[in-house]
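Engineer: Here it is: the structure, laid out below.
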Amino acid sequence: MRILRSVRHKSCADGSLMKEFLLSAPVTEGFFSYLENFGEVEALPNLGEGFYKFDKPDCFSIRGLAGDTTVEVRFRREVMHLTVDFLYLLFTSYREDGPVDVAPLKQREQAVSKRVKEHLYGPD
Amino acid sequence: MTEPPPIIYLNNAATTWPKPREVLEAVSQSLARPVFGSGRTTGSQGEDYVTLAREAVSSLLAAEPPEHVVFTMNATDSLNILIQGFLAGKGSGSHVLATELEHNSVLRPLAELERQQRIRLTVLPVDNGSVNPDLVESAITPDTRLMVTTHGSNVLGSLQDIYRIGEILHDHGVYFIVDGAQTAGHTPIDLKTLPVDAYVFTGHKGLFGIAGSGGFYLRDPDSIAPVRYGGTGTDSFSLYQPREMPERFEAGTQNYPGLAGLAAGANYVASVGVKAIAEKAERQTAFLIHELNKGPGIEIHNDSPELPIISFNIRGLDNDDVGFILARAYGIVARTGLHCAPLVHRAVDGGSGSVRLSLSWFTTDEECRIAAEAVREIAENADSSLGAA
């Protein structure tokens, strides 16, 4: 799955930056199950084809409805420069038709999380 | 070109949509033909949109004389001009009153002046959607010079008792600026009788104009110093801003398409009748609230708004989630978050923000029914999801 383009963005009341992304394929329940490897997922599965929200604290959150080719991403603005590449990687690494090897992604996630933590809270 | 999917637009407190056909035609015509402007020789084809708009707004709001209606970019622009212009030359230490209901268009200019130590600001708490006039009176001190407050809350849809507050303020010699961004076109306004010194309006909400148009009515021109200077097309030999109204406050080329739309919008409102608009809005708002109250976990923050504005939250769901689901799953355009009025949210939802549905004359009963069903469906899903957790 690829992010084709950012269709709109706005600054949110909580200081985050929202970007709406148009995707190459609809998001699915499987996509959000895959995202659970990297953060927390909340779901209202009976609403339409299902409403899902992925949250990776201090980095970004992703909202989407299954079957929809648009998702809404909210970035924590101060660290967006550190996290945006990882977000794109999460999308491009997902495959609907087969298993995803999450091991290299987990390694990347750890590196990103470490840099984010240092940026927000200082070195250990 | 493919037609976009139908939407139900319930974000009219931000900007009304759709606009009356008359407005679209007037804006289009203003761009298609030369305009008449003071000092311009545009021939007999040019319409004087500025005067048309001034007369239309003056007539709708009973704002006399029409020359005391001044055009600006929007309500925020008007409030900045009035607040800065009133306090100009008054030195530091003026005491100013506002309320928790204010939009940032009031709060931010005042907060900045407070930070510069030019004023002392008191923000009055609200009770059940409005400020008790007695509380206003008790907050007045010998150095109180100004009160700036909203007429109608853009979060709670409540009206303030502007008449009583104005009487109290005038008894104490306090200047009164009213932010009518949410009330012009929604509720009858009679500036002949309302005891206000300045009334602010915007073009793109209840008056059905387009964004970038707005203004204010000013009872006593000498009470406000101009804060903008420039060409007016009149008295051009003078290097000083004319004292006459409205040139005293209108420097630079006017927004002709915006004023053409504002004139058409105000005339449209007048032709329908503000009373008829208010009655329909009241009926539809009551229906929506009644229907929403049937849903589990829907907390409505004002059960009896006077304006067609309903703010609510759904237990267990972030307000932004609700807005996202309404938009993406149901095609319903709502507004979420703080609605640029941060202080009132501390009182009603703990500061987390709310979902807001706001109607206009063009909202249909069917749209209200669909919206209520959609919100209830979301609430029922959230409720069962919470129950399962």
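Protein chains in written order, with this note's numbering: chain A, 146 to 269; chain B, -17 to 371.
The C-beta atom is built at its ideal place from N, Cα and C for all residues, glycine as well.
Source: prediction; values computed, not measured.
Taking buried to mean at least 16 other C-beta atoms within 10 Å of its own C-beta, is A:G267 buried or exposed?
Structural biologist: For the purposes of this step, residue 267 of chain A is taken as the residue at position 122 of the first sequence. The residue in question, A:G267, is exposed, as its Cβ has fewer than 16 Cβ neighbours within 10 Å.
Engineer: So, does the CB of B:P290 fall closer than 9 Å to a CB anywhere in chain E?
Structural biologist: In the structure shown, chain E cannot be found, because the protein chains are A and B.
Engineer: Spatial neighbours of B:E229 within its chain, please: CB distance less than 7 Å, with the 5 preceding and 5 following residues excluded, ordered by chain position.
Structural biologist: Stepping through the second sequence from its first residue, residue 229 of chain B is reached at position 247. Within the same chain, B:E229 has close Cβ partners T214, T216.
Engineer: Determine the contact status of B:A8 and B:A245, defining contact as a CB-CB distance below 9 Å.
Structural biologist: Here residue 8 of chain B refers to the residue found at position 26 when the second sequence is read from its first residue. Here residue 245 of chain B refers to the residue found at position 263 when the second sequence is read from its first residue. Against a cut-off of 9 Å, the Cβ pair of B:A245 and B:A8 comes out as a contact.
Engineer: So, does the CB of B:M(-17) fall closer than 9 Å to a CB anywhere in chain A?
Structural biologist: For the purposes of this step, residue -17 of chain B is taken as the residue at position 1 of the second sequence. Note that B:M(-17) scores 43 on pLDDT, short of 50, meaning its location in the model is unreliable and no value can be drawn from it.
Engineer: Going along chain B, which residues have a C-beta under 8 Å from A:T215?
Structural biologist: Within the first sequence, the letter at position 70 stands for residue 215 of chain A. By Cβ distance, chain B contributes R310.
Engineer: If the cut is a Cβ gap below 9 Å, which residues of chain A does B:A364 touch?
Structural biologist: On the second sequence, residue 364 of chain B is found 382 positions in, with the first residue counted as 1. L189, L192, listed in chain order.
Engineer: Roughly how many angstroms separate the alpha carbons of B:S336 and B:N(-6), rounded to a whole number?
Structural biologist: For the purposes of this step, residue 336 of chain B is taken as residue 354 along the second sequence, with counting starting at 1. For the purposes of this step, residue -6 of chain B is taken as residue 12 along the second sequence, with counting starting at 1. Spanning the two alpha carbons is a distance of roughly 16 Å.
Engineer: So for B:S340, helix, strand or coil by DSSP?
Structural biologist: Position 358 of the second sequence holds residue 340 of chain B. Strand, per DSSP.
Engineer: According to DSSP, is A:G160 helix, strand or coil?
Structural biologist: The sequence position of residue 160 of chain A within the first sequence is 15, counting from 1. Coil at A:G160, not helix or strand.
Engineer: Examine chain B for any beta-carbon lying closer than 9 Å to the beta-carbon of A:K198, and answer yes or no.
Structural biologist: The sequence position of residue 198 of chain A within the first sequence is 53, counting from 1. Cβ-Cβ to chain B under 9 Å: yes for A:K198.
Engineer: Closest to A:E187 by CA distance: which of A:R260, A:Y239, A:F199 is it?
Structural biologist: Working through the first sequence from its first residue, we reach residue 187 of chain A at position 42. It is A:F199 whose Cα lies nearest to the Cα of A:E187.
Engineer: Does the contact criterion of 3 or more C-beta pairs under 8 Å hold for the stretch 49 to 61 of chain B versus the stretch 174 to 193 of chain B?
Structural biologist: Result yes; three or more Cβ-Cβ pairs closer than 8 Å.
Engineer: Can you give the Cα-Cα distance for B:D365 and B:E149, rounded to whole angstroms?
Structural biologist: Along the second sequence, one-based indexing puts residue 365 of chain B at 383. Along the second sequence, one-based indexing puts residue 149 of chain B at 167. Approximately 48 Å, taken between the alpha carbons.
Engineer: At a Cβ threshold of 9 Å, is A:C204 touching chain B?
Structural biologist: Stepping through the first sequence from its first residue, residue 204 of chain A is reached at position 59. With 9 Å as the cut-off, A:C204 does not count as an interface residue toward chain B.
Engineer: Over the uninterrupted beta strand (DSSP E) stretch that includes B:A260, give me the two end residues.
Structural biologist: Here residue 260 of chain B is taken as the residue at index 278 of the second sequence, counted from 1. Not the beta strand (DSSP E): B:A260 falls in the alpha helix (DSSP H), residues 256 to 274.
Engineer: Taking the C-alpha atoms as reference points, what is the distance between B:L6 and B:G71?
Structural biologist: Start at 1 with the first residue of the second sequence, and residue 6 of chain B comes out as number 24. Start at 1 with the first residue of the second sequence, and residue 71 of chain B comes out as number 89. If you take the alpha carbons of B:L6 and B:G71, they lie about 43 Å apart.
Engineer: Kindly provide the ranges of any beta strand (DSSP E) runs that are 3 or more residues long and lie completely inside the stretch 66 to 129 of chain B, ordered along the chain.
Structural biologist: Listed in chain order, the complete beta strand (DSSP E) runs (minimum 3 residues) inside the stretch 66 to 129 of chain B are 76 to 81, 101 to 106.
Engineer: When Cβ atoms are compared, which residues of the stretch 294 to 306 of chain B fall closer than 9 Å to chain A?
Structural biologist: Answer in chain order: L299, D300, D302, D303, F306.
Engineer: Residues in the same chain with beta-carbon distance under 7 Å from B:N295, minus the five sequence neighbours each way, listed in chain order, please.
Structural biologist: The residue given as residue 295 of chain B occupies position 313 in the second sequence. Excluding sequence neighbours, B:N295 sits near E281, N301, D331, S336, V337.
Engineer: For the stretch 311 to 321 of chain B against the stretch 225 to 240 of chain B, do three or more pairs of beta-carbon atoms, one drawn from each stretch, fall closer than 8 Å, so that the two count as touching?
Structural biologist: No, the stretch 311 to 321 of chain B is not in contact with the stretch 225 to 240 of chain B.
Engineer: Can you tell me the Cα-Cα spacing of B:T54 and B:G196, whole angstroms?
Structural biologist: Position 72 of the second sequence, counting from 1, holds the residue named residue 54 of chain B. Position 214 of the second sequence, counting from 1, holds the residue named residue 196 of chain B. Straight-line Cα distance between these residues: approximately 5 Å.
Engineer: Quick one: what's got a C-beta closer than 8 Å to A:T215's C-beta in the same chain, skipping five residues either side?
Structural biologist: As a first step, residue 215 of chain A is located in the first sequence; it is residue number 70 there, counting from the start. Closer than 8 Å at Cβ, skipping near neighbours: V152, E165, F166, L167, L168, G209.
Engineer: Going by CA-CA distance only, name the one from B:H50, B:T132, B:R97 that's closest to B:A80.
Structural biologist: For the purposes of this step, residue 80 of chain B is taken as residue 98 along the second sequence, with counting starting at 1. The residue with the shortest Cα to Cα distance from B:A80 is B:T132.
Engineer: Since B:G196 sits in a beta bridge, which residues does DSSP pair it with?
Structural biologist: Counting from one through the second sequence, the residue named residue 196 of chain B turns up at place 214. B:T54, B:T184, per the DSSP bridge assignment.
Engineer: May I have the straight-line CA-CA distance separating A:E217 from B:E4, to the nearest angstrom?
Structural biologist: Mapped onto the first sequence, residue 217 of chain A falls at position 72. Mapped onto the second sequence, residue 4 of chain B falls at position 22. So the alpha carbons of these two residues sit roughly 36 Å apart.
Engineer: Would you kindly work out how many angstroms separate the C-alpha atoms of B:P107 and A:V257, rounded to a whole number?
Structural biologist: One-based indexing of the second sequence puts residue 107 of chain B at position 125. One-based indexing of the first sequence puts residue 257 of chain A at position 112. Roughly 45 Å between the two C-alpha positions.
Engineer: For B:R97, is the classification buried or exposed, using 16 other Cβ atoms within 10 angstroms of its Cβ as the cut-off for buried?
Structural biologist: Counting from 1 along the second sequence, the entry for residue 97 of chain B is found at position 115. Exposed: under 16 other Cβ atoms inside 10 Å.
Engineer: With DSSP as the reference, please indicate the residues paired to B:Y157 in a beta bridge.
Structural biologist: For the purposes of this step, residue 157 of chain B is identified with residue 175 of the second sequence, where counting begins at 1. Beta-bridge pairing links B:Y157 to B:L128.
Engineer: What span of residues does the beta strand (DSSP E) with B:E229 cover, start to end?
Structural biologist: Counting from one through the second sequence, the residue named residue 229 of chain B turns up at place 247. Element bounds for B:E229: n/a, residue is neither H nor E.
Engineer: Roughly how many angstroms separate the alpha carbons of B:R351 and B:S293, rounded to a whole number?
Structural biologist: Counting from one through the second sequence, the residue named residue 351 of chain B turns up at place 369. Counting from one through the second sequence, the residue named residue 293 of chain B turns up at place 311. Whole-angstrom Cα-Cα distance: 17 Å.
Engineer: Cβ atoms of B:S340 and B:P290: under 9 Å apart, would you say?
Structural biologist: The residue you call residue 290 of chain B lines up with position 308 of the second sequence. The residue you call residue 340 of chain B lines up with position 358 of the second sequence. For B:P290 and B:S340, yes; Cβs fall inside 9 Å.
Engineer: Kindly indicate if chain A contains any beta-carbon less than 9 Å away from that of B:S367.
Structural biologist: Here residue 367 of chain B refers to the residue found at position 385 of the second sequence. So, interface residue.
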